[in-house]
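Worksheet: the structure to be examined is printed underneath.
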Amino acid sequence: MSLNGQIDADPVWAIDTDDFTVAEGIEWGAHRHDNLNELLWATRGTLTVETERGWFAVPNAVGLWIPRGVEHRVVAAAHTSFRCTHLEPHIGSPADDVTAVAIPETVGALLSRLQVPPYLSQEVRTHAELLVPMLLEPVEVSTVDLPLPVDDRILRITQAILADPADDRELVDWGFAVGASARNLSRLFVAETGLTFTTWRTRARMRRAIELLAADHSVSAAAAKVGYASASAFVQAFRREIGHTPGAFASARARTA
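Take the sequence shown: its position 141, counting from 1, is numbered 141 in the UniProt record's numbering, and each next residue is one higher.
Shown next, in the form of structure tokens:
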């Protein structure tokens, strides 16, 4: 109904939100939205999102702003509830690139109100929708930058490591598998990804570790699953790459869950 008491016919929505709750872990493969910006935000649990900017861990009370046209892959751990909000570009944006944003209670309440009857009048809704992007403030979250190579030999190695981060084969061993010398593979890794083989593998392990910790695996279990013989070695590597310990990551997630 409009402010003058008349019912609006076919109201136009610039913001639309869908709710998801998953009993078991689920993955949405790489995709993009060409005409709509997207805001992914967890209401319980943690999402992990892969984009060209890296691998983001998105806990409760934080959202990930994904501009239109940006390819992304989403993984939701078991018992995660989250919302996917699509926004028309004309109402504004908090950032031009993939960015983590705080989801204050005001924004959550406003987005929820826009979805339920009795619906706002078109005039009021338009003003409310313009307010949402203005209330989204960028914040820092854990990310892992993991560029993929083009060279087929290096790509085969990286795909195998992503499938099994615990694989501890060194470049000499991989050389026999892909038909190249260890020296050549070492050079190609730096040229194609900007990272040494060892650093790339460590980051691949950290990416998987973030998924495991988000799914409530213990630090020791996550360490074993990504190829570390001891939890202490895993903790050191995690702190070096992510900036804090896996225990701190898990604790922060528990506080917001």
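Glycine is no exception: its CB is placed at the ideal position from the N, C-alpha and C atoms. Since the structure is predicted, the reported quantities are computational estimates derived from the model, not experimental observations.
| said: Whole angstroms are fine: how far does the CA of residue 119 sit from the CA of residue 223? | reply: Looking at the two C-alpha atoms, the distance is approximately 49 Å.
| request: Give the C-beta separation of residue 227 and residue 128 to the nearest angstrom, bearing in mind that I take them to be a contact with Cβ-Cβ under 8 Å. | output: Actually they do not touch by this definition, with Cβ atoms about 49 Å apart.
| task | Flag this pair as yes or no: are the beta carbons of residue 63 and residue 101 separated by less than 9 Å? | result | In terms of Cβ geometry, residue 63 and residue 101 form a close pair [threshold 9 Å].
| Between residue 153 and the rest of its own chain, which residues show a CB-CB distance below 6 Å, the 5 nearest in sequence each way excluded? | Cβ neighbours of residue 153 beyond the five flanking positions: 178 and 180.
| Distance between residue 39 and residue 68 (C-alpha atoms, nearest Å) | Within the model, the alpha-carbon separation for residue 68 versus residue 39 is close to 10 Å.
| Backbone secondary structure at residue 37 - three-state DSSP | Three-state DSSP puts residue 37 in a strand.
| So residue 131 packs on residue 17, CB below 8 Å; how close in whole Å? | 15 Å between Cβ atoms; not a contact.
| Given that a residue counts as buried once 16 or more other Cβ atoms are within 10 Å of its Cβ, and exposed if not, what is residue 51? | Classification of residue 51: buried, given that the 10 Å Cβ count is 16 or more.
| Do the CB positions of residue 19 and residue 81 come within less than 9 Å of each other? | Note that the C-beta distance between residue 19 and residue 81 is below 9 Å.
| residue 150 versus 186, 192 and 139, residue with shortest Cα-Cα distance | Minimum Cα distance to residue 150 is reached at 192.
| field | For residue 19: DSSP bridge partner residues | value | In the DSSP assignment, residue 19 is bridged to 83.
| said: If you reduce the DSSP assignment to three classes, tell me which class residue 68 lands in. | reply: Here residue 68 carries a coil assignment [DSSP, helix/strand/coil].
| query | Using a Cβ-Cβ cut-off of 8 Å (strictly less than) and excluding sequence neighbours within five positions of residue 204, which residues of its own chain qualify? | reply | So the list reads 146, 158, 161, 162 and 165, once near-sequence residues are dropped.
| Which partner residues of residue 260 appear in the DSSP bridge assignment? | In the structure as shown, the chain begins at 1 and stops at 257. Residue 260 is therefore absent and cannot be evaluated.
| query | Can you name the start and end residues of the beta strand (DSSP E) that residue 29 belongs to? | reply | Residues 26 to 31.
| query | Can you tell me the Cα-Cα spacing of residue 59 and residue 48, whole angstroms? | reply | Rounded to whole angstroms, the separation of the alpha carbons of residue 48 and residue 59 is 8 Å.
| In whole angstroms, what is the alpha-carbon distance linking residue 114 and residue 43? | Going by the C-alpha atoms only, they are around 17 Å apart.
| request: Could you name each continuous alpha helix (DSSP H) segment of 4 residues or more that falls completely within the segment 170 to 203, going from the start of the chain to the end? | output: Correct list: 171 to 178 and 182 to 193.
| message | Distance cutoff 9 Å, beta carbons only. Does residue 223 sit that close to anything in chain B? | response | Protein chain content of the structure displayed is limited to a single chain, and chain B is not contained in it.
| So, helix, strand or coil for residue 219, using DSSP? | Three-state result, residue 219: helix.
| Is residue 103 near residue 61, with beta carbons less than 9 Å apart? | Yes.
| Nearest-angstrom Cα separation, counted from residue 124 out to residue 239 | Those two C-alpha atoms are separated by around 47 Å.
| message | For residue 21, count the other beta carbons within 10 Å of its own beta carbon; 16 or more makes it buried, fewer makes it exposed. Which is it? | response | Counting of Cβ neighbours within 10 angstroms places residue 21 among the exposed residues, the total staying below 16.
| request: Determine the direct distance from the alpha carbon of residue 109 to that of residue 1, and round the result to whole angstroms. | output: With a pLDDT of only 35 at residue 1, under the threshold of 50, the placement of this residue in the model should not be trusted, and no figure is reported.
| From residue 95 to residue 176, what does the alpha carbon distance come to, in whole angstroms? | Using only the alpha carbons, I get a separation of about 46 Å.
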